[in-house]
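Asker:
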Amino acid sequence: MKPFQFTYLLVFSFFMAFGQSYEEKIDSLIKDAIVQQAFPGATILVKKNGKDLFHKTYGYFTYDSLLPVSTNTLYDLASVTKIAAGLPVVMKLVQDGKLTLDDPFSNYWHPWKRKKDKKAITLREILAHQAGLEPYIVFLSKVRKKNGNLKKRLVRNQPSKRFAKQAYNNRYIKTGFYKKMYRTINRSPVSKEKTYRYSGLFFLLLPELVQQLTGVDFETYLNQEIYEPLEITNLVFNPSLKQSNLSIIPTESDSIFRNDVTVGWVHDENAALLGGVSGNAGLFGTAEDLAKLMEFYRNLGKYKGRQIIDKEIVRSFIKIQYPENHNRRGLGFDKPLIGNDTLSIFEAYPSPHVSKESFGHAGFTGTFVWADPKEQLVYIFLSNRVYPSRTHRKIYDLKIREKVQDVFYNLPKIQKQ
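full-length UniProt numbering puts the first residue of the sequence shown at 1, with every later residue one more than the last.
Printed below as a string of structure tokens:
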């Protein structure tokens, strides 16, 4: 491995106020994580009172790369897509009266009307992961043979009218395969126990639902109704199809589907089989634009004086929904563990010092975003921990994201502001 390298951007000289030791502590934590191969590269951005407090990049694109991470590097956000793309669209649909939280979701997704175990489930239950839906369905198994080869009737190397959805450079999915995915979700079992059970299935259905409710495709609706008002330009799906000069960090050296180092194409196979666009995964982005979105949430739907989403809607989404069932989740948003402030840094999620009002989400690829309205803090941690393999779990063992976040809750200057 080459000598440790980092670049940084401090938008204003805050460290002059609280001393160099805190910056050194963060540098030490990240340097150690890279040495232990928790991830090859990372970006950290922290805002306080809406102003950049800390914005720094670390490491390289891969462990043997000469390309350093920069502040304009895009990361595959994985499940952060849920709150960065899926959830704001749901909020807008609720605001416009096209969706309601407490009526049966089958009123909008009609195939569920014929399913006894799904017809009464509400959107509130779904978003709070209280509905009992299956956590995940491995749709990749539907397009692979037992020997690992791809089924030619479902995946081709060249595009055509019948194979128009692009999942990778030379992977084109049968145009109607998404319908098979929807049917499988519709038929999937539901747990009879109403307890916390994380599931991303709704967010796979969301693009089709948006098309049905608005007549506009999901990506266009998201850009027009959310990203354009927020002046967000670097949260994108399928960046490899958008621009050729983007700085995109690799995710994984994939040997089960793409047989290549995945760069600029969604890592999550389910999203890939949908053509790279879903409410569950598929979004790529920079720390800067993610911070802008989290500030929008922290300010209860307001941006530059304009109320884009009604503040009471945002307030209801970031609130814990079923604490009596020991379910910590908000609507779509993750929340601190119940009793988090009594736990050690090794037991807590996230930092034990975050407020109960705080919220955010993590992503499988090594991403993490969090906003704390009480402390007026926004914390963005982006990494490519799945490089070269998704089996790498040092980021969890080291609790690196929580430890770095914790530093900003232990700064006397911050606590007094």
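Backbone N, C-alpha and C fix where the C-beta goes; we use that ideal spot for every residue, glycine too.
In this text the structure is predicted, and so the values were computed from the model without any measurement.
1) If you compare alpha carbons, which of G276, Q158, G132, Y227 is closest to Y178?
2) Output needed for N72: all residues of its chain with C-beta closer than 7 Å, excluding positions within five of it in sequence on either side, in chain order.
3) In or out: I395 buried (at least 16 other Cβ within 10 Å) or exposed?
4) At what residues does the alpha helix (DSSP H) containing Y178 begin and finish?
5) Could you name the residues of the same chain whose beta carbon sits closer than 6 Å to that of F14, not counting the 5 residues immediately before and after it, in chain order?
6) Quick one: complete alpha helix (DSSP H) runs, 4+ long, within the segment 216-276?
7) Looking only at its own chain, which residues have a Cβ that is under 7 Å from the Cβ of V407, when we skip the five neighbours before and after it?
8) Does the ligand HEM have even one heavy atom less than 7 Å from the beta-carbon of D64?
9) How many angstroms separate the CA atom of F333 from the CA atom of K242?
10) Please check the pair L331 and Q321, which I expect to be a contact at CB under 8 Å, by giving their CB distance rounded to whole angstroms.
11) Closest by CA to S278, which one among S65, L67, K48, K82?
12) Can you tell me which of R187, S160, R153 puts its alpha carbon nearest to the alpha carbon of K119?
13) Which of the three DSSP states, helix, strand or coil, is assigned to R315?
14) Mind listing, in chain order, the continuous beta strand (DSSP E) runs of no fewer than 3 residues lying wholly within the segment 18-90?
15) Go ahead and pull the three-state DSSP assignment for V407.
16) Using 8 Å as the threshold, is the segment 39-50 in touch with the segment 161-176, meaning 3 or more CB pairs across them?
17) Take the Cβ of A164 as the centre, count every other Cβ of all protein chains shown within 10 Å, and call the residue buried at 16 or more, exposed below.
18) Taking C-alpha atoms, which residue in V354, G366, S351, K319 lies nearest to R124?
19) When burial is assigned at 16 or more other CB atoms within 10 Å of the CB, is Q158 buried or exposed?
Answerer: The relevant details are as follows:
1) G276
2) S247, T286
3) buried
4) 177-187
5) The pLDDT assigned to F14 is 42, lower than 50, so where the model puts this residue is not dependable; a value taken from the coordinates is nonetheless given after this. Same-chain partners within the cutoff: L53.
6) 218-222, 239-242, 269-273
7) Y22, K25, I26
8) Absence of the ligand HEM from the depicted structure is noted, as is the absence of any ligand whatsoever, leaving it without description.
9) 29 Å
10) 6 Å
11) K82
12) R187
13) helix
14) 41-48, 51-59
15) helix
16) no
17) exposed
18) K319
19) exposed
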